[in-house]
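Single-structure report; data block below.
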Ligand SMILES: Cc1cc2nc3c(=O)[nH]c(=O)nc-3n(C[C@H](O)[C@H](O)[C@H](O)COP(=O)(O)O)c2cc1C
Ligand code: SF4
Ligand code: FES
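Chains as they are written, first to last, in the numbering used here: chain Y, 1 to 430; chain C, 1001 to 1153.
Here it is as structure tokens:
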């Protein structure tokens, strides 16, 4: 059971309508107008449009999509590949699932526009294995597209425009969301991230030139083509145009998804979610999935876009907003965070493998009231040794939230040392 | 491996530029047939994919959704990541474990249910939640979760 967003905008306008998942329903709602406009343009013009729109990737890093597309080789000697990242495993994130289940054809139209622009012949949509409904929705849409010759050869009657799509199921490993871990996994291997360079545009899936984009990123593309660059830039901020589906979870009255322009103030996002549950006071908010540092309640005016959040020492990430009320023990939060990263480290890099294990052990010890001042000092130190030293950004993602918790909620840690137990009797259970 | 499973696996090879791309889907198919994959299963897959058995084994043990040991007839996984924990997932999991008489992750004596916890499953807006035999159950409380588990054969 997945609910529609409580606040809709262009992406999710029709998500309440079952027919929108079928080709007939999607076309009735204006679908494929974007692709038709794209194929009337030269491929480079389409990439230029996406560049000019300012669309930034919605997978967490916020990279400029048009620029990424322009890295693909222009020659056509080798098969070019699009890989769509539907691994969505960042704790607190549940938007791609909604898009795949309720708007699979938006993603597929975006892929076809990308295929035209980049001259790509094949797409692999990598969906986390647990998302059975998403896989079903995508597969059924793909089948319809083949039947209507919107996939296969001579798409829309354009000679030489051919494209094939395979929906591929992951098998339960967070690290397969990292794009080169994903490529390894797609090739039938352990999902251990690759050293870069070479980058995917040169050596990606099965050694072929590859562009990896997030599910939501592709879903925005048809709207940019159909409605134009100026229209797209008319929502969101200068540097982060468009909307996103903010996923609000935790201690709010009405958790769920809210499609809002990027740059919407955090206070307004929380307002849409009904505010903190039971009239309690807010203690902290993780604004972009579990990898991003927490914000204290004094930062509610921050516009939810990367250029503003980075000034506050955090990031937009996936737009997964996790809300914690006054009952919450932040050492418990740190313990949950640390457990996750310890469990999911792929183990290739010593700093990451050992660092995540240490951080978890220290958090656990302090949470149980057995911690010392030395333990806390070590906890201050270990994350900084993990950052920027490893094959992939997972180790940074593991270090940042711990550093954020120590920065803003040091009192919680010190209270555990002093009282030799957890001083938050009403906090959520561990 | 039955000839039917083998045929299904072979039909996947063409979907990938290299045969090995079909390994994860193939493991799912064999697992569907056998419930879990032991050394023999790994060897059969290795032969089909022209790999060393250890290469298949490495893949099997890397991913949470592949099983290398016998499982209960049903799988119950409660998500215990932060958004679910904030909304009572740990209490729910403990309650279910007590109800089933399993302490910590494990399988009931009669082999009916294997229970455990999982990391974020993308249902944080409808927390707490659990995955039962692959199917999501959301917005749960203990009573509702017990009812679902009790209905498993
Ligand atoms: C540890 C880790 C996990 C990631 N998980 C995901 C994920 O689940 N989904 C996703 O789209 N991107 C994820 N990313 C980001 C991808 O590596 C990549 O940047 C993204 O898919 C590119 O798409 P975009 O440019 O459209 O955002 C992850 C990155 C890291 C370092
Ligand atoms: S940083 Fe961690 S997850 Fe990334 S490659 Fe190294 S060990 Fe693996
Ligand atoms: S934390 Fe449980 S589904 Fe996300």
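Using N, Cα and C, we set each Cβ at its ideal position, and we do this for glycine too.
Inter-residue distance for residue 319 of chain Y and residue 287 of chain Y is about 6 Å (C-alpha atoms, whole angstroms). Annotation: residue 323 of chain Y to residue 284 of chain Y spans about 6 Å, alpha carbon to alpha carbon.
Among the CB atoms of chain C, none fall inside 9 Å of the CB of residue 319 of chain Y.
Around residue 1072 of chain C, no beta-carbon contact reaches into chain Y at under 7 Å, the shortest distance being about 18 Å. If you check the C-beta of residue 424 of chain Y against ligand 3, you find no heavy atom less than 8 Å away. Put simply, the CB of residue 1080 of chain C is near chain Y, with a gap under 9 Å to one of its CB atoms. Checking the DSSP bridge columns, you'll see residue 1079 of chain C partnered with C:1118. Ligand 3 never approaches residue 246 of chain Y closely enough for any of its heavy atoms to be under 8 Å from the residue's Cβ. For residue 146 of chain Y, the enclosing alpha helix (DSSP H) covers residues 132-147. In terms of side-chain proximity, the C-beta atom of residue 215 of chain Y is found nearer than 8 Å to a non-hydrogen atom of ligand 1.
Residue 280 of chain Y does not reach chain C, its nearest Cβ partner there being about 12 Å away, counting only Cβ pairs nearer than 9 Å.
For residue 360 of chain Y, none of the residues of chain C pass the 7 Å Cβ criterion, the least Cβ distance being about 14 Å.
Against chain C, the CB of residue 248 of chain Y has a partner CB under 9 Å away; the residue lies at that interface. Proximity to ligand 2 was defined by a C-beta distance below 7 Å to any of its heavy atoms, and the residues meeting it, in sequence along the chain, are Y:175, Y:178, Y:192, Y:193, Y:345, Y:346, Y:347, Y:348, Y:349, Y:352, Y:353, Y:390, Y:391, Y:392, Y:394 and Y:395. With 16 or more other CB atoms across the displayed protein chains lying within 10 angstroms of its CB, residue 84 of chain Y is buried. Beta-bridge annotation (DSSP): residue 213 of chain Y is paired with Y:84.
Within 10 angstroms of the beta-carbon of residue 32 of chain Y lie 16 or more other beta-carbons, which makes it buried.
Neighbours of residue 173 of chain Y across chain C, judged by C-beta separation under 7 Å: 1062, 1063 and 1064. For residue 1096 of chain C, none of the residues of chain Y pass the 9 Å Cβ criterion, the least Cβ distance being about 14 Å. The DSSP-derived three-state label of residue 259 of chain Y is strand. Across the region 39-65 of chain Y, no CB contact with chain C closer than 8 Å is found for any residue. Under a criterion of Cβ atoms nearer than 7 Å, the residues of chain C adjacent to residue 191 of chain Y are, in order, 1062. Every residue whose Cβ sits closer than 5 Å to any heavy atom of ligand 3 is listed here in chain order: C:1079, C:1081, C:1083, C:1084, C:1120, C:1121, C:1123 and C:1124. For the region 251-285 of chain Y, residues whose beta-carbon sits nearer than 7 Å to a beta-carbon of chain C comprise 251, 255, 256 and 257. Spatial neighbours of residue 346 of chain Y in its own chain (CB-CB distance under 6 Å, excluding positions within 5 residues in sequence) are listed in chain order as 175 and 192. Relative to residue 142 of chain Y, the option among Y:158, Y:252, Y:154 and Y:106 whose CA is nearest is Y:106. Within the region 19-88 of chain Y, the complete beta strand (DSSP E) segments at least 3 residues long are 81-86, listed from N- to C-terminus. Within the same chain, 180 come within 6 Å of residue 194 of chain Y by CB-CB distance, once the 5 residues on both sides are set aside. Residue 376 of chain Y carries a helical assignment under DSSP once its states are collapsed to helix, strand and coil.
For a Cβ distance threshold of 8 Å, residue set 1119, 1120 and 1122 of chain C lies close to residue 89 of chain Y, ordered along the chain. For the C-beta of residue 119 of chain Y, not a single chain C residue is nearer than 8 Å; the gap to the nearest is close to 17 Å. Using a Cβ-Cβ cut-off of 9 Å, residue 1029 of chain C does not count as an interface residue toward chain Y, since no Cβ of chain Y sits closer than that to its own. In this structure, the beta-carbon distance from residue 186 of chain Y to residue 5 of chain Y does not fall below 9 Å. For the C-beta of residue 186 of chain Y, the chain C residues within less than 9 Å are, from N- to C-terminus, 1016, 1021 and 1024.
Neighbours of residue 177 of chain Y across chain C, judged by C-beta separation under 9 Å, do not exist; the nearest C-beta is about 11 Å away.
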